[in-house]
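Numbering (UniProt numbering), first residue to last: 1 to 727.
Before any comments, here is the structure.
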């Protein structure tokens with residue numbers, strides 16, 4: 001009864017407030033009602049022919065070298081840069097794009113994976129009567145609808161729950177969320193709704209029950225960010241853009257304008273990172289779309305120009321899927337320090353983040369222990385006391401750099417803009433900075449509009465609203481069933497391929513290897529607990545993947561889901577890529593080491609070693625120490641004080657269990673802090689202490705030794721699969 005009264009009161013309080021903004025929303029709703037029609041018209045208006053397939057990287061490099069002059073040259077292969085290339089080429093402009101690393105290797109692959117308007121920005125717009133913030137949210141909601149339409153295989157609506165723990169917050173949050181729906185207009189994904197306490201706990205059983213009043217559920221979009229970025233790049237390539245990853249811009253080329261006598265940017269000197277060859281690429285217009293590296297390119301143009309980028313680091317962590325329902329996210333609107341934390345299901349795992357702290361610009365941002373623990377503490381505040389939030393359950397962690405900017409055209413150059421900014425230098429360099437993932441298309445449109453105007457390029461209006469991306473054309477929600485029926489793939493693998501490659505999933509299925517089993521017929525997995533298959537590595541090379549890091553982090557998302565699984569898959573990935581790219585044994589070794597370094601520093605693997613080392617103070621009771629010593633000495637029969645692979649093999653053989661030597665090496669290496677090929681008694685006790693404190697979970701050595709001890713009595717079977725525990 002109290003809950004029903006509160007809901008009625010909420011409706012009365014919020015109704016009047018919503019009426020005050022209803023008029024403002026009418027024009028937006030009118031536009032949105034015509035959205036589908038506009039989308040169809042825009043897509044049909046593209047007169048540039050699209051190829052059935054995209055060129056090879058070698059063909060793209062050749063096009064860059066031999067084309068006398070491009071209309072537009074984009075620097076940067078993130079979402080915005082690729083969006084600019086797609087916008088330009090579909091207008092009929094001769095377009096090139098250069099990325100010094102891989103497509104989406106920076107911020108665009110390290111997001112919260114949301115396609116959203118920004119609930120918190122709307123709150124600020126209302127509280128501060130800030131019309132610019134309102135316009136930004138409105139634009140983002142329009143772009144959200146477009147992105148869900150043009151890449152339905154990579155994106156989907158996601159319900160997000162906002163739990164309420166004080167009665168007065170119910171009308172406050174309800175009003176804000178309803179306003180979010182109204183601003184979206186007819187492009188609102190689904191209407192938000194209020195839940196009772198019991199219903200909220202039914203949908204999100206992990207939620208903290210104490211003092212819970214109820215909850216509000218609203219909808220935003222979610223996507224596979226790196227694959228979405230790649231889809232934009234591949235679509236641009238199919239329309240004729242000369243796009244190349246691993247092509248680094250060394251300097252800008254300039255010429256003197258005969259009419260004005262001024263120096264004008266006319267191209268770039270670049271280097272093919274893979275071959276070391278340098279060459280010039282000429283263009284009428286050069287666009288700087290380098291995200292956090294915006295200022296470094298601007299200073300290539302003018303050393304004296306002041307910085308406009310204010311980099312901010314956002315850390316995310318990934319935890320096992322059981323921490324959240326399969327299809328319901330959670331929003332913490334007010335953390336202990338005023339930030340917002342999302343807790344979202346993604347790829348059958350759970351993402352938690354993000355933080356927001358000043359940082360230096362770097363190509364290799366590293367998640368800090370402080371940020372990881374901040375996120376874990378906030379998660380603990382919202383989850384039931386029955387759910388033990390363990391530090392050891394962090395499967396992966398990463399840091400992305402937000403390229404926040406100050407608007408150089410604004411009177412207040414110190415104020416940070418949450419919107420995007422397009423600037424033109426005296427020499428004609430076009431810079432697009434700021435903004436957010438969701439609005440990449442609108443940012444690209446504004447950028448190309450400015451480029452056309454300033455450089456007098458001959459082109460029409462933007463054609464990218466409603467323009468389907470790579471894989472979307474013949475995709476349907478039931479496409480995976482055909483993959484199962486036609487090729488004999490596992491259902492989970494087929495669903496993964498369909499949601500990753502769209503209608504191009506059949507191309508991957510065609511090259512999948514026969515398993516030799518009754519079922520599945522084809523599709524050898526890279527690791528047992530994830531649906532990635534070996535054929536994706538072959539196809540990934542076709543999609544311009546040129547390093548092992550490209551494959552584990554952006555063609556597949558293994559590194560973002562579980563760093564231990566990514567490391568386990570590395571040897572096979574390197575072998576397949578070596579065959580496709582003709583790598584030497586030395587090159588294979590270099591790629592393997594580079595990928596391990598990436599996992600260790602940038603994806604949180606270092607945290608595992610640090611957690612074990614930081615737990616050097618062994619906080620075990622006397623009885624526990626005695627019990628674990630006895631277990632250790634069961635393997636260390638010779639009383640050496642350490643155990644090796646041979647010791648473990650001997651015990652396993654005595655109970656008729658065989659495990660591959662390389663697997664045993666990996667198992668011991670997880671605990672071998674000294675990296676001397678052996679696990680000492682002190683290291684083992686540190687491990688058991690860290691497990692008891694929740695700092696480490698899922699240690700295969702701990703599971704193996706415990707199970708071996710029991711099996712010596714019962715003679716059962718030992719399992720050494722990862723238990724789902726993490727770093």
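Ideal Cβ positions, reconstructed from N, Cα and C, are used throughout, including at glycine.
Selection 193, 95, 150, 346 evaluated against residue 322 yields 346 as nearest (Cα-Cα). The Cβ atoms of residue 502 and residue 472 lie closer than 7 Å to each other. The C-beta distance from residue 95 to residue 467 rounds to 15 Å, too long to meet the 8 Å contact threshold. Around residue 364, the same chain offers 602 as residues with beta carbons nearer than 6 Å, after the five sequence neighbours per side are excluded.
Comparing C-alpha distances from residue 260 to each of 427, 510, 73, 170 shows the shortest one belongs to 427.
In summary, residue 221 is buried, with 16 or more beta-carbon neighbours lying within 10 Å of its beta-carbon over all protein chains present. Rounded to whole angstroms, the gap between the alpha carbons of residue 270 and residue 523 is 40 Å. Counting only runs of at least 4 residues, the segment 204-271 fully encloses the following alpha helix (DSSP H) elements, listed from N- to C-terminal order: 225-238. Scanning 433, 636, 528, 627 for the CA closest to the CA of residue 679 turns up 636. Ranking 628, 113, 587, 668 by CA distance to the CA of residue 344 puts 113 first. In this structure, residue 444 sits away from residue 405, with a CB-CB distance that is not shorter than 7 Å.
With respect to the 7 Å criterion, residue 219 and residue 159 are classified as neighbours on the basis of their beta carbons. Here DSSP, grouped into helix, strand and coil, assigns residue 310 to strand. Only buried fits residue 288, as 16 or more other CB atoms lie within 10 angstroms of its CB.
Counting along the chain, residue 61 sits inside the alpha helix (DSSP H) bounded by residues 57-66. It is roughly 47 Å from the alpha-carbon of residue 447 to the alpha-carbon of residue 197. Partner residues in the beta bridge of residue 70, as assigned by DSSP, are 283. In the three-state scheme derived from DSSP, where H, G and I count as helix and E and B as strand, residue 328 is classed as coil. Taking 7 Å as the cut-off, the Cβ atoms of residue 350 and residue 324 count as close.
For a cut-off of 8 Å, the C-beta gap from residue 200 to residue 189 is around 20 Å, too long to register as a contact. A straight line joining the alpha-carbon of residue 206 with that of residue 383 spans about 6 Å. Here residue 340 really is in contact with residue 120; their C-beta atoms are around 6 Å apart, less than 8 Å. Here residue 138 is buried, its C-beta having at least 16 other C-beta atoms within 10 Å. Under the three-state reduction of DSSP, residue 525 is assigned to strand. Three or more Cβ pairs closer than 8 Å define a contact, and the segment 512-530 falls short of that threshold against the segment 165-178. The three-state secondary structure of residue 563, taken from DSSP, is helix. In chain order, 117, 183, 184, 187 place their CB closer than 7 Å to the CB of residue 141, counting only its own chain and leaving out the 5 sequence neighbours on each side. Cβ-Cβ distances below 6 Å link residue 480 to 494, 495, 498 in the same chain, with the five nearest sequence neighbours on each side left out; the list follows chain order. Looking from the CA of residue 397, the closest CA among 313, 338, 456, 360 belongs to 313. Taking 7 Å as the cut-off, the beta carbon of residue 555 is found no closer than this to the beta carbon of residue 569.
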